[in-house]
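Quick notes on the structure that follows.
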Amino acid sequence: MTTTATELHKIESLIPGIEFAKAIVLFAAEAKLHNLTLEEITSTHYRVNSPVGMVEFLKADAEAKLVISAPSQEALHLVKESVEHLIGHIDINIPPQMIWAGDFTAGVHPPNFLEVQVVKTAAFSSNFIRVTVSAEGIQRFFEGGLHFRLLFSKNLGFEARWPYWDDKGHTVWPEGDYELMRPVYTVRQFDKSAQTIDFDVFLHEGGPTAEWAARVNEGDKVGLLGPGGGWIPEAKYLLLAGDETAIPAISRILESSPAGTKGAVIISVSKKGMEAPIPLPETMSLEWIYRDTHGHDGLFEAAKQIEIPEVQEAFLWFAAEKKTAKKARKYFRNEVGFKADNCYIAGFWEEE
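Each residue of the sequence shown is one higher than the one before, starting from 100 at the first, in the numbering used here.
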């Protein structure tokens, strides 16, 4: 799907401190990394179309003016946050913030935010707790992305305060005693009739979300940001590989895949006895890798051994520690031949 500037929500800002020509070069390279194209309309007008929205670059004197268009406030916010994140990493010599104008209202929560209520929690294995939450409007988490950010107070004794927009279009986050934790989780299941979603929390020592999940009570309020972060891959053959943090997403993908889908699942856990229930179809294989004997790279090495029938008709889904994911990305993209449209490789966490 592509988008046009008509009948859409819009927001715009100058990009401070970057000349137009430099901005075009930088954004063209970034677009290519995401399998997108920076299209030249005229010498002073460029644009990128994506499934979420459209980003236009217009020359304003020597600077670049950014105009974002999207079919919804949620999509507009998602594109804006992505662009701001990119600009923040382009050049360390850009101190000023962007000043946005357009379709947003100061003082309200970001459009992708939703306050929800905890309905119940239940342990379903020795190392996972399933949390069920509900709210009016939660149906948007039924589709449109596998993942979301869970918001709860870093200091569990303090009532959470939620983010809001300021008059420049920036998201303001609570600080100090009211600072929020913002981990990413997977929508594991949903119930349309009950208007609930489930997500699974991996229990490990020192994990703030694990501590929260152990203490949370029915009726407690938490926040969700999303959805986002990929969807159910469709292919004749699936290679799914990940550690404990990826088990909820792998399970969701397996349950959602068409009957008869072939493939292999490889999951890394700390040691024997730490396995979790996996809804494995009869047409797919499952291998457990134990890090106490194989380390973090054991997952990557096992994935390399899988014989993939036809790469062009397969999908690779790989999520683990960031260094391991980086090795997997280099190997499967450069040597095996997976492309941006038939692989998802992500670092879900970073070893200290």
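For each residue, glycine too, the CB sits at the ideal point set by N, CA and C.
With a Cβ-Cβ cutoff of 8 Å, do Tyr263 and His208 count as a contact? yes
Between the stretch 424-435 and the stretch 356-363, can you find at least three pairs of beta-carbon atoms closer than 8 Å? no
Cβ-based neighbour list, Thr344, same chain, cut-off 8 Å, excluding 5 preceding and 5 following: Phe301, Ala418, Ala419, Phe447, Trp448
DSSP state of Ala200, grouped into three classes? strand
Given that a residue counts as buried once 16 or more other Cβ atoms are within 10 Å of its Cβ, and exposed if not, what is Arg248? buried
Three-way DSSP call (helix, strand, coil) for Lys425 in this model: helix
Can you confirm whether the stretch 232-250 touches the stretch 292-312 when touching is taken to mean that 3 or more C-beta pairs between the two stretches lie within less than 8 Å? yes
Nonlocal neighbours in the same chain, by C-beta distance under 7 Å from Lys371, ignoring five residues either side: Tyr389
Tell me which residues share the same chain as Ala402 and place their Cβ nearer than 7 Å to its Cβ, disregarding the 5 neighbours each side in the sequence. Leu338, Ala340, Ile365, Phe417, Ala427
Can you give the beta carbon distance from Lys253 to Leu279, rounded, assuming they're within the 8 Å contact cut? 6 Å
Based on the DSSP output, what are the partners of Val342 in its beta bridges? A small fix is needed here, since residue 342 is Asp in this sequence, not Val. Note: Asp342 sits in a beta bridge opposite Ser367.
How is the alpha helix (DSSP H) around Thr136 delimited, first residue to last? Note, Thr136: premise wrong, no alpha helix (DSSP H); not H, not E.
Is the stretch 146-157 close to the stretch 218-227, with three or more CB pairs under 8 Å? no
Looking at the unbroken alpha helix (DSSP H) that takes in Trp416, where does it start and where does it end? Here Trp416 belongs to no alpha helix (DSSP H); instead the beta strand (DSSP E) covers 413-420.
Need the endpoints of the beta strand (DSSP E) that Thr220 sits in, please. 212-224
Considering Cα atoms alone, identify which of Asn148, Gln238, Val321 is closest to Gln294. Gln238
Where the beta strand (DSSP E) containing Thr295 begins and where it ends: 295-301
Counting only the same chain and skipping the five closest in sequence on each side, list residues whose C-beta sits under 7 Å from that of Ser149. Leu135
Contact defined as beta carbons within less than 8 Å: I believe Asn433 pairs with Leu324. What is the distance between those atoms, to the nearest angstrom? Not a contact, Cβ separation roughly 33 Å.
Buried or exposed, going by whether 16 or more other CB atoms sit within 10 Å of the CB of Gly268? buried
Got a sec? Which residues, its chain only, sit under 8 Å from Arg351 by beta carbon, not counting five neighbours each side? Leu245, Thr285, Val286, Arg287, Gln288, Ile331
Residue interval of the alpha helix (DSSP H) (run including Ala402): 396-403
Buried or exposed by the 16-neighbour rule on C-beta atoms within 10 Å, applied to Ser367: buried
I think Glu400 touches Lys422, with their Cβ atoms under 8 Å apart; what is that distance to the nearest whole Å? In fact, because the Cβ distance is near 14 Å, the residues do not count as touching under 8 Å.
Buried or exposed (CB count within 10 angstroms, at least 16 for buried), His108: buried
Looking at Arg229 and Asp342, is the spacing between their C-beta atoms short of 8 Å? no
Go ahead and label Ile191 buried or exposed: buried means 16 or more other beta carbons lie within 10 angstroms of its beta carbon, across all protein chains shown. Residue placement at Ile191 is flagged as unreliable, the pLDDT there being 45, under the threshold of 50; the coordinate-derived value follows with that caveat. It counts as exposed.
Would you report the Cα separation of Pro115 and Ile123, rounded to the nearest angstrom? 14 Å
Proximity winner among Gly256, Thr382, Leu113, relative to Arg314 (alpha-carbon distances): Gly256
Suppose you measure from the CA of His144 to the CA of Ala120; what does that come to, to the nearest Å? 11 Å
Inspect the beta-carbon positions of Ser384 and Ala413 and report whether they are closer than 8 Å. no
Extent of the continuous alpha helix (DSSP H) to which Arg314 belongs: 307-314
For Asp265, which three-state DSSP category applies? coil
What number of angstroms, rounded off, separates the C-alpha of Ala439 from the C-alpha of Val410? 12 Å
Just how far apart, CA to CA, sit Ala205 and Asp266? 5 Å
With the cut-off set at 8 Å, would you say Met197 and Glu180 are in Cβ contact? no
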